[in-house]
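As structure tokens, the structure follows; a few thoughts come after it.
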Amino acid sequence: MSFAEDSSIHFSDFPTDQLIELSYVSQSSNDMGILGLMNLLEDAVHKNKRAGVTGVLFYDNGIFGQIMEGYPEHLERIWKSIAADARHKDIQVLGINPLSKRRFSNWSMKFYGSDEISQYVPELKMGLKDAAASLPSEILTLMRSVSNQAEEINPSNQSSQNNSANQSRL
Ligand SMILES: Cc1cc2nc3c(=O)[nH]c(=O)nc-3n(C[C@H](O)[C@H](O)[C@H](O)COP(=O)(O)O)c2cc1C
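Everything in the sequence shown is counted per our numbering, starting at 9 for the first residue and increasing by one.
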């Protein structure tokens, strides 16, 4: 599997007003407990909201998968923090693509833990578990697919400004 190296992400290749989507999978350095995930999400939601970044984060069995959407300079800043974050390792970029419209416009960072993955996108379990044997495009397609469900799960709580119910689903 040929994942892009971190250094191959050239945010400046994109016009400053071009929405882009950045996706990756990674391995948690230690087992993330509920509190650890909640702390991480709280940080992420807060910072993403300020930077106008939206997306989805998956966590199952020690593996993260994430899609982030936003403008290059904002994503670059956040990506620097994420890439240097000791809570995960073996970061494998799936892709960086121009985007005409956000898929997760209502979510500063929608979260899917093991239960939600089993329920809504079970095929992704295998994709994340054996990311090295999967095609990056297949994992990305599965991760994107939940954007259709992002509003059905919490119909009364679609706003990215109030995702406490979302976080309590950990
Ligand atoms: C798997 C994973 C996903 C993360 N996702 C985000 C994110 O979407 N947005 C964000 O601001 N921080 C995210 N973080 C946290 C950042 O790495 C960092 O801790 C946070 O942005 C605070 O960084 P700072 O101390 O440099 O401001 C994530 C961390 C991990 C391990």
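A virtual CB, placed ideally from N, CA and C, is assigned to each residue, including glycine.
In this text the structure is predicted, and so the values were computed from the model without any measurement.
Within 7 Å: the Cβ of residue i and any heavy atom of ligand 2?
{"i": "Gly63", "result": "For the structure depicted, ligand 2 is absent and the ligand set comprises only ligand 1."}
With DSSP as the reference, please indicate the residues paired to residue i in a beta bridge.
{"i": "Gly73", "result": "Val33, Phe66"}
{"i": "Ile28", "result": "Gly78, Pro106"}
Between the beta-carbon of residue i and the beta-carbon of residue j, is there less than 8 Å?
{"i": "Phe119", "j": "Thr62", "result": "no"}
{"i": "Gly17", "j": "Val101", "result": "Sequence inspection shows Ile at residue 17; the Gly mentioned does not correspond to that position. Cβ distance < 8 Å, so Ile17 and Val101 count as in contact."}
{"i": "Pro106", "j": "Thr24", "result": "no"}
{"i": "Ile31", "j": "Met151", "result": "According to the sequence as given, residue 31 is Ser; it is not Ile. A contact, by the Cβ cut-off of 8 Å."}
{"i": "Leu65", "j": "Gln74", "result": "yes"}
{"i": "Ile71", "j": "Ala139", "result": "yes"}
{"i": "Ala59", "j": "Arg85", "result": "yes"}
{"i": "Leu48", "j": "Arg110", "result": "no"}
{"i": "Ser122", "j": "Asp68", "result": "yes"}
{"i": "Leu148", "j": "Gly103", "result": "yes"}
{"i": "Lys57", "j": "Ser153", "result": "no"}
Is the CB of residue i under 8 Å away from at least one CB in chain D?
{"i": "Ile17", "result": "In the displayed structure, chain D is absent; only one protein chain is listed."}
Taking only runs that begin and end inside the region 92-155, name each unbroken beta strand (DSSP E) of 3 or more residues, in chain order. 96-106, 118-120
Count the CB pairs spanning the region 26-43 and the region 83-94 that are closer than 8 Å, and state whether there are at least three. yes
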